[in-house]
DNA sequence: GTCCATTTCTCCGACAAAGTCGAGGAAATA
DNA sequence: TATTTCCTCGACTTTGTCGGAGAAATGGAC
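Residue numbers (the numbering used here), protein chains in the order written: chain A, 3 to 112; chain B, 3 to 112.
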């Protein structure tokens, strides 16, 4: 009964990071990916909160990984986008693409 | 004292509509532009609230237009992005572009 | 001409949703 | 058991959303 009103900006970013990272998508890696690619500085806490909400909305799923053989190698929790998540993401990305169609990086209209 | 953390999704959309509409950017036209281009259904109230917040943050400015010679032609309030607004918008749009670089409309990685 | 219904547009107040942070806890290794 | 890596939780701020009220203008009935 909740015909979803689209993704927030950060949810979009997190979902995109999931797509980009593929099998390697877990909390810390996601944070790093966003910082590296989007140039945006966020805390891991923010990422986890968002991940949890996305999971509650049925847009992503998670699974626990095995412990890695390194100091402090705690089990990671990997995330992947579900079909509904991909659909939502594609919709909002494409909306953005339409809105920015024909705009230069400086936002001029050619 | 407020090292700004970027724009929300809707703020982004409204700002983009301003850029696209140029001199014709006022409340109702902005709503229509977003509906037409982004395919997203919003109320005018939502747009005004966002516009007001953007103005308070110094990202857009407004001026009153003249009454138009048509039934109910109340004076419009035109908005335009300020330098800081364009900067913010360009930053978040470019971040999105980097994150979606190489992704198909269906979000596959080629 | 005067009223008032109608149209166009803007403002406001309240609430829901998303975003953010920081401290703290669990599990693994050395 | 000290250290490292990662995840959870709770509190709070910022954004997003709506619906209805209000202001300004016109057109027509009388």
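Glycine is no exception: its CB is placed at the ideal position from the N, C-alpha and C atoms.
From B:11, B:30, B:35, pick the residue whose C-alpha is nearest to that of residue 22 of chain B; which is it? Within the second chain, residue 22 of chain B is the residue found at index 20, counting from 1. Of the candidates B:11, B:30, B:35, the one whose C-alpha sits nearest the C-alpha of residue 22 of chain B is B:35.
Cβ closer than 8 Å: which chain B residues qualify as neighbours of residue 72 of chain A? Taking the first residue of the first chain as position 1, residue 72 of chain A is located at position 70. The contacting residues do not exist; residue 72 of chain A stays about 28 Å from chain B at best.
For residue 33 of chain A, is the classification buried or exposed, using 16 other Cβ atoms within 10 angstroms of its Cβ as the cut-off for buried? One-based indexing of the first chain puts residue 33 of chain A at position 31. When all chains shown are included, residue 33 of chain A counts as buried.
Report all residues from its chain with a CB closer than 6 Å to the CB of residue 65 of chain B; omit the five preceding and five following residues, and keep chain order. As a working mapping, residue 65 of chain B is identified with position 63 in the second chain. The beta carbon of residue 65 of chain B lies closer than 6 Å to those of 80 in the same chain, with the five residues before and after it left out.
Which two residues bound the contiguous alpha helix (DSSP H) that contains residue 85 of chain A? Here residue 85 of chain A corresponds to residue number 83 of the first chain, with the count starting at 1. That run of the alpha helix (DSSP H) goes 85-102.
Between residue 108 of chain B and residue 92 of chain A, is the Cβ-Cβ spacing less than 9 Å? Here residue 108 of chain B is taken as the residue at index 106 of the second chain, counted from 1. Here residue 92 of chain A is taken as the residue at index 90 of the first chain, counted from 1. When the beta-carbon positions are compared, residue 108 of chain B and residue 92 of chain A come within less than 9 Å of each other.
Determine, for residue 92 of chain B, whether the minimum Cβ-Cβ distance to residues of chain A falls below 9 Å. Along the second chain, read from residue 1 onward, the residue named residue 92 of chain B stands at position 90. By this cut-off, residue 92 of chain B is an interface position.
Would you kindly check if the distance between the Cβ of residue 102 of chain A and the Cβ of residue 18 of chain B is under 9 Å? Here residue 18 of chain B corresponds to residue number 16 of the second chain, with the count starting at 1. Here residue 102 of chain A corresponds to residue number 100 of the first chain, with the count starting at 1. Yes; because the gap between Cβ atoms is below 9 Å, this pair is in contact.
Going by beta-carbon coordinates alone, are residue 40 of chain A and residue 97 of chain B separated by less than 9 Å? By 1-based counting over the first chain, the position of residue 40 of chain A is 38. By 1-based counting over the second chain, the position of residue 97 of chain B is 95. Taking 9 Å as the cut-off, the beta carbon of residue 40 of chain A is found closer than this to the beta carbon of residue 97 of chain B.
Taking C-beta to C-beta, are residue 59 of chain B and residue 70 of chain B nearer than 9 Å? What you label residue 59 of chain B is simply residue 57 of the second chain in a count that begins at 1. What you label residue 70 of chain B is simply residue 68 of the second chain in a count that begins at 1. No; because the gap between Cβ atoms is not below 9 Å, this pair is not in contact.
Whose CA, out of B:38, B:11, B:56, lies closest to the CA of residue 86 of chain B? For the purposes of this step, residue 86 of chain B is taken as residue 84 along the second chain, with counting starting at 1. Minimum Cα distance to residue 86 of chain B is reached at B:56.
For residue 25 of chain A, tell me which candidate among A:83, A:88, A:52 has the shortest Cα-Cα distance. Against the first chain, residue 25 of chain A aligns to sequence position 23. Sorting A:83, A:88, A:52 by C-alpha distance to the C-alpha of residue 25 of chain A places A:83 at the top.
Taking Cβ to Cβ, would you say residue 11 of chain B is nearer than 9 Å to residue 94 of chain A? Translated into positions along the second chain, residue 11 of chain B becomes position 9. Translated into positions along the first chain, residue 94 of chain A becomes position 92. Going by C-beta atoms, residue 11 of chain B is nearer than 9 Å to residue 94 of chain A.
At a CB-CB cut-off below 9 Å, which residues of chain A make contact with residue 57 of chain B? As a working mapping, residue 57 of chain B is identified with position 55 in the second chain. Under the 9 Å cutoff, chain A gives no residues; its nearest Cβ is about 19 Å from residue 57 of chain B.
Put residue 65 of chain A into one of helix, strand or coil per three-state DSSP. The sequence position of residue 65 of chain A within the first chain is 63, counting from 1. Three-state result, residue 65 of chain A: strand.
Are there 16 or more other CB atoms within 10 angstroms of the CB of residue 51 of chain B, so buried, or fewer, so exposed? Start at 1 with the first residue of the second chain, and residue 51 of chain B comes out as number 49. Under the 10 Å beta carbon count, residue 51 of chain B is surrounded by fewer than 16 other beta carbons and is classified as exposed.
For the region 43-55 of chain A, list every residue whose C-beta sits within 8 Å of some C-beta in chain B, in sequence order. Residues passing the 8 Å Cβ filter: none.
Closer than 9 Å at the beta carbon, the chain B residues around residue 108 of chain A: Within the first chain, residue 108 of chain A is the residue found at index 106, counting from 1. Near residue 108 of chain A (Cβ distances below 9 Å), the residues of chain B are 88, 92.
Chain B within 9 Å of residue 98 of chain A, Cβ atoms only: Translated into positions along the first chain, residue 98 of chain A becomes position 96. Chain B contact via Cβ: present.
Go ahead and pull the three-state DSSP assignment for residue 82 of chain A. On the first chain, position 80 is the one that residue 82 of chain A refers to. Under the three-state reduction of DSSP output, residue 82 of chain A falls in the strand class.
Does the separation of the CB atoms of residue 16 of chain B and residue 53 of chain B fall below 9 Å? One-based indexing of the second chain puts residue 16 of chain B at position 14. One-based indexing of the second chain puts residue 53 of chain B at position 51. Yes.
Name the DSSP bridge partner or partners of residue 50 of chain A? Translated into the one-based positions of the first chain, residue 50 of chain A becomes position 48. Paired residue(s): none; residue 50 of chain A is not in a bridge.
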